[in-house]
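Colleague: Every letter in the sequence shown is one number past the one before it in our numbering, and letter 124, counting from 1, is 364. Don't be surprised by glycine CBs; every beta carbon is placed ideally from N, CA and C. First the structure, then my questions, so here it is.
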Amino acid sequence: MQRCLKISSVVVVALTLATPAVSRAEVAEPEPRPRVPQPYSVAGMHAFLFLRESGKWHSEDLFTAPGLWNTGIGEGLAGEPASSASLVVQLHGESFSRMTGKLDVVAMQGKRSLLKQTVRVVDLFSPKQDVSVPFLLNNLGCGEVVVTATLRIPSRPVSTMTKKINFACGE
Numbered sequence: 241m242q243r244c245l246k247i248s249s250v251v252v253v254a255l256t257l258a259t260p261a262v263s264r265a266e267v268a269e270p271e272p273r274p275r276v277p278q279p280y281s282v283a284g285m286h287a288f289l290f291l292r293e294s295g296k297w298h299s300e301d302l303f304t305a306p307g308l309w310n311t312g313i314g315e316g317l318a319g320e321p322a323s324s325a326s327l328v329v330q331l332h333g334e335s336f337s338r339m340t341g342k343l344d345v346v347a348m349q350g351k352r353s354l355l356k357q358t359v360r361v362v363d364l365f366s367p368k369q370d371v372s373v374p375f376l377l378n379n380l381g382c383g384e385v386v387v388t389a390t391l392r393i394p395s396r397p398v399s400t401m402t403k404k405i406n407f408a409c410g411e
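Right, dumping it as structure tokens:
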């Protein structure tokens with residue numbers, strides 16, 4: 241038995257000496273991955289009523305707001321007559337300092353076009369990763385408004401977002 245222990249001890253020592261040394265840094269820290277550029281995208285959209293009498297913007301986002309009832313005459317959420325809204329489209333990407341492409345925004349209320357506008361992204365210069373682009377929706381009436389923003393680089397769509405605003409009217 242003692243002879244077996246001596247042989248196994250010799251084998252363990254021999255294997256330990258034969259194994260190449262590995263630093264703790266190689267074991268503990270994985271190789272860093274190369275930085276992958278973030279894709280460009282339509283990151284968000286928000287819309288806010290313009291209140292005609294006070295000349296102020298309502299603080300409630302129309303895409304999530306309840307109570308959009310008879311806003312043209314000032315009922316419901318509006319509190320005063322409102323038939324226009326600001327629309328803000330948020331873009332996210334690596335940087336907007338040299339990015340080429342276009343942002344197409346379309347807003348429809350039923351078959352009626354409220355907005356159809358294209359913005360060149362190169363005109364939105366920013367070294368940051370987020371930019372916001374303003375638009376104006378006029379002549380809002382009764383019925384659902386469907387807003388679609390599509391980012392194209394240079395001519396292929398890379399990101400699209402569609403949201404709805406539910407205006408209702410009646411007695």
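Here's a check: name, in chain order, each residue in its chain whose Cβ is nearer than 7 Å to the Cβ of Gln357, leaving out the five neighbours to either side.
Modeller: Excluding sequence neighbours, Gln357 sits near Val345 and Phe375.
Colleague: Just to confirm the assignment: which complete alpha helix (DSSP H) runs, minimum length 4, are found wholly within the segment 332-383?
Modeller: Here no run is fully enclosed.
Colleague: Helix, strand or coil for Gly284? Go by DSSP, reduced to three states.
Modeller: Looking at Gly284 - three-state DSSP - the assignment turns out to be strand.
Colleague: Starting from Ser399, follow the beta strand (DSSP E) in both directions and report where the run begins and ends.
Modeller: Where Ser399 is concerned, the enclosing beta strand (DSSP E) stretches over Arg396 to Phe407.
Colleague: Should Lys403 be labelled buried (16 or more other beta-carbon atoms within 10 Å of its own) or exposed?
Modeller: Buried, since its Cβ has 16 or more Cβ neighbours within 10 Å.
Colleague: What does DSSP give as the partner residue(s) for Arg292 in the beta ladder?
Modeller: Bridge partners of Arg292: none, in fact.
Colleague: Taking 7 Å as the cut-off, decide whether the C-beta atoms of Ala322 and Leu355 are in contact.
Modeller: Cβ atoms of Ala322 and Leu355: not closer than 7 Å.
Colleague: Let me check understanding here. Comparing Cα to Cα, which of Asp301, Asp370, Ala318 and Val361 lies closest to Cys409?
Modeller: When each option's Cα is compared against that of Cys409, the closest is Ala318.
Colleague: Could you work out which residue in Ala287, Thr304, Phe336 and Val282 is closest to Gln369 when comparing CA atoms only?
Modeller: Minimum Cα distance to Gln369 is reached at Phe336.
Colleague: Would you check if the distance between the CB atom of Gln349 and the CB atom of Val371 is smaller than 7 Å?
Modeller: No, the pair does not count as a contact, with Cβ atoms beyond the cut-off.
Colleague: Out of curiosity, what's the CA-to-CA distance linking Asn406 and Leu377?
Modeller: Those two C-alpha atoms are separated by around 14 Å.
Colleague: Does the Cβ-Cβ distance between Gly341 and Pro394 come in under 7 Å?
Modeller: Contact: yes.
Colleague: Within 10 angstroms of the Cβ of Val329, are there 16 or more other Cβ atoms? Answer buried if so, exposed if not.
Modeller: It is buried - the Cβ of Val329 has at least 16 other Cβ atoms within 10 Å.
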